[in-house]
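Report on one structure; see the data block that follows.
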Amino acid sequence: MEHHKPMSLSYMMTVSSQVGESAVNEPSGHHHFHDNHTPPPTSLGYPSSYLPDLPKLQLSVEQERSTDDDYSLGGGSRVATLAERRKRNKNASAKYRQKKNKQQVKMRQTIDQLKEQGSFMKQRLIDLQIENQKIKSLNDNLRGEIFSQSMLHRHFDHRHYQTHSRTSHKESYSTLTHSHRTMYEPSKVVPRQF
């Protein structure tokens with residue numbers, strides 16, 4: 001019993017092309033029938049059971065080609081997708097850096113403004129302290145002057161009271177003395193005239 005080797009794809013394509021050519025070259029309307037319906041012998045000595053069917057062979061070849069094309073297209077799409085992802089990531093990183101730089105610039109400007117405001121407030125505080133000290137000194141001076149004036153008024157009022165009381169006392173004393181003298185002097189009798 002003979003063991004036949006499996007046929008390769010190139011051999012199958014060659015045999016199918018030979019079968020196709022023989023079918024085309026054979027004139028139409030003339031069919032050769034062999035005795036006992038035995039298949040025609042092949043030139044290579046392989047049995048007819050190993051001859052592939054032409055439509056099936058063409059379909060398998062087309063499927064292989066489409067599979068190769070799909071694989072190549074899939075690989076290309078994968079490469080394109082990877083490139084697009086890298087591009088998107090790069091653009092996103094650039095936008096993030098730009099946004100971060102803007103935020104840093106704005107933050108620095110805000111810090112500078114706050115520093116300027118802090119310096120202004122410190123100077124303003126010093127000025128207010130100096131002004132407060134001046135006002136306090138003026139207030140102390142005014143209080144001293146008011147106290148001095150009140151003391152002077154009290155002094156003058158006291159002296160006026162003393163002077164007035166002395167004068168009143170003298171007047172009352174002189175009046176009393178005069179009354180006393182008049183009381184104890186002999187009365188003069190005035191003769192009556194008829």
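Residue numbers (the UniProt record's numbering): 1 to 194. The beta-carbon is built from N, C-alpha and C at its ideal position, and this holds for glycine as well.
Quiz item: Roughly how many angstroms separate the alpha carbons of residue 104 and residue 143, rounded to a whole number?
Solution: 57 Å
Self-check item: Inside the stretch 83-108 only - alpha helix (DSSP H) runs reaching at least 4 residues
Solution: none
Exercise. Would you kindly work out how many angstroms separate the C-alpha atoms of residue 197 and residue 139, rounded to a whole number?
Key: Outside the shown range of the chain, which is 1 to 194, sits residue 197, and nothing can be said about it.
Quiz item: Alpha carbon to alpha carbon, what distance is there between residue 85 and residue 212?
Solution: In this structure the chain extends from 1 to 194, so residue 212 is not present and cannot be described.
Quiz item: Taking just the CA atoms, how far does residue 149 sit from residue 124?
Solution: 37 Å
Quiz item: Alpha carbon to alpha carbon, what distance is there between residue 96 and residue 122?
Solution: 39 Å
Quiz prompt | residue 119 versus residue 145 - alpha carbon distance | solution = 39 Å
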